[in-house]
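Numbering (our numbering), first residue to last: 2 to 517.
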């Protein structure tokens, strides 16, 4: 058994303080042997930062991080994402943005000093297409350059064959704007340069030289894009749309015999037939995505899911689905086949997630061609926004807000069990509670998460239906409450002021809490 394994076993049975002092001694001893080791300085930073509220040490934690950057510039280039992630995990976005600014200045100075600043390309961060949400970040970068908020650079994506791509069709659409390199040898040649020329697209985006978290930059860029009334970067061609509708029909050929004996049609065959009919008749559909644990863990109700706090129950949406059908619409449920099926059989509902016609192109077709998209806090929510599709965001947590226009949203409610009370909206927006990104953080604070009710979901969908029909009229009181809510967001959050919280939900839960 080696020393590292022995140490690991010992650490299981000692207190965090003793563990800290042992590590502190070992890392400082390692520094004496190698004074220019950025890695050892970073290890010291990590343990001092994690124990900063328990042990007041000299020098303070930020000394070690600054020394790592000073003595080993290559360390900062290689490991800046670990630095950012340390603060993100701790929900300290202010500190994270501070070090994003440090890196922005550091990278600019380094490139200038080594006469590399004249190159007009930048590499993207790795794993850019491994999840849906990162598409929105690439959209932000490209729009920021078009708006003049960032210098224009050709973005190069080094994409080895073994790297996960969640939807190859999205990658195909983006190739109008970015250069994708798949060749192994070419990627190897560029790899040495990557750390110096990389945009951390999934983490940060500087605007006018100011480093900031990508989620915050996304709001600013989209607001300016909409102000100038620019079209979306992505759009499906007429051919793409035609392919989408053909895909629905080509998966099942209903024979003439079946057509004459409708009783022999399976449920799915009726779905395909109906979906084709409404298209020919100029009908419309709404796409619905409700996150559960099935996608990650293979079973929809697994509480081991680190993002369980973002989950919701598909069956709580049945009233909202029926309201859409009553207005003449069709509902297409998207997602993963391991997600919970809809329990109740409802006419004009197609559970595409459990169908045999799922495909990458079909996913994007359903995300981009629906009348509006019903979402939860999950990556697919972001794709319709790239195509200017109105969104209804439900069971939202943490209390961010949509960054595009024509959006409605309602959050989950939080209960502080120690005090047996519901958190106020200011508390939900505050740094103490409003920046939680794991279920563990809610559990540690002994907070219960209350999902939206059937009635709340239905009211929100009806509000969107009325809005799109042109029959929705907001009163002066409604608008005043929304303005007060936006002021709270602008004061306590960097999520912007786009979209509206559901009118009925706002009145029910927060109307008395909107003063600053």
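The beta carbon of each residue, even a glycine, is placed where N, CA and C say it ideally should be.
Everything numeric in this text was worked out from a predicted model, so none of it was measured.
- In this structure residue 138 is in contact with residue 215, their Cβ atoms being roughly 5 angstroms apart against a cut-off of 8 angstroms.
- Annotation for residue 123: 154, 155, 156, 157, 198, 199 and 200 place their beta carbon closer than 8 angstroms to its own, counting only its chain and skipping 5 residues before and after.
- By the Cβ-count criterion, residue 88 is buried, with 16 or more other Cβ atoms from all chains shown falling within 10 Å of its own Cβ.
- If you draw a 10 Å sphere on the C-beta of residue 474, you find fewer than 16 other C-beta atoms in it, and that means exposed.
- In this structure, the beta-carbon distance from residue 341 to residue 325 does not fall below 8 angstroms.
- In the structure shown, the three-state DSSP call for residue 416 is strand.
- For residue 137, the enclosing alpha helix (DSSP H) stretches over residues 134 to 148.
- Residue 396: member of the beta strand (DSSP E) spanning 392 to 397, first to last residue.
- Within the segment 158 to 203, the runs of beta strand (DSSP E) at least 3 residues long that lie entirely inside it are, in chain order, 180 to 182.
- Per DSSP, residue 351 lies in no alpha helix (DSSP H) segment; the continuous beta strand (DSSP E) that holds it begins and ends at 350 to 352.
- Taking residue 336 as reference, the option from 293, 192, 43 and 142 with the minimal CA-CA separation is 293.
- When the Cα atoms are used, residue 115 and residue 178 turn out to be separated by approximately 28 angstroms.
- Counting only the Cα atoms, residue 233 lies some 33 angstroms from residue 107.
- The C-alpha of residue 183 is placed about 39 angstroms away from the C-alpha of residue 285.
- By the CB criterion at 8 angstroms, residue 371 and residue 287 fall inside the cutoff.
- Residue 46 sits buried, since 16 or more C-beta atoms from the chains shown fall within 10 Å of its C-beta.
- If you draw a 10 Å sphere on the C-beta of residue 329, you find fewer than 16 other C-beta atoms in it, and that means exposed.
- The straight-line gap separating the alpha-carbon atoms of residue 344 and residue 173 is approximately 36 angstroms.
- Between the segment 417 to 434 and the segment 454 to 463 there are fewer than three inter-stretch CB-CB distances shorter than 8 angstroms, so the stretches are not counted as touching.
- Taken through DSSP and simplified to helix, strand or coil, residue 409 comes out as strand.
- For the pair of segments examined, the segment 455 to 470 was found not to touch the segment 492 to 500: the number of CB pairs separated by less than 8 angstroms stays below three.
- Between residue 338 and the set 489, 437, 295 and 170, the nearest pair of CA atoms involves 295.
- Within the same chain, Cβ atoms closer than 7 angstroms to the Cβ of residue 40 are found at 76, the five residues on either side in sequence being excluded.
- The three-state secondary structure of residue 235, taken from DSSP, is coil.
- The continuous beta strand (DSSP E) containing residue 374 extends over residues 374 to 376.
- For the pair residue 366 and residue 237, the CB atoms are nearer than the 8 angstroms cut-off.
- A residue is called buried once 16 or more other Cβ atoms fall within 10 Å of its Cβ, and residue 109, having fewer, is exposed.
- The continuous alpha helix (DSSP H) containing residue 40 extends over residues 39 to 51.
- For residue 55, no alpha helix (DSSP H) segment is defined, and its DSSP state is neither H nor E.
- Between residue 408 and residue 391, the beta carbon gap of about 7 angstroms places them in contact (Cβ cut-off 8 angstroms).
- Residue nearest to residue 308 within the set 205, 439, 356 and 357 is 439 (criterion: CA-CA distance).
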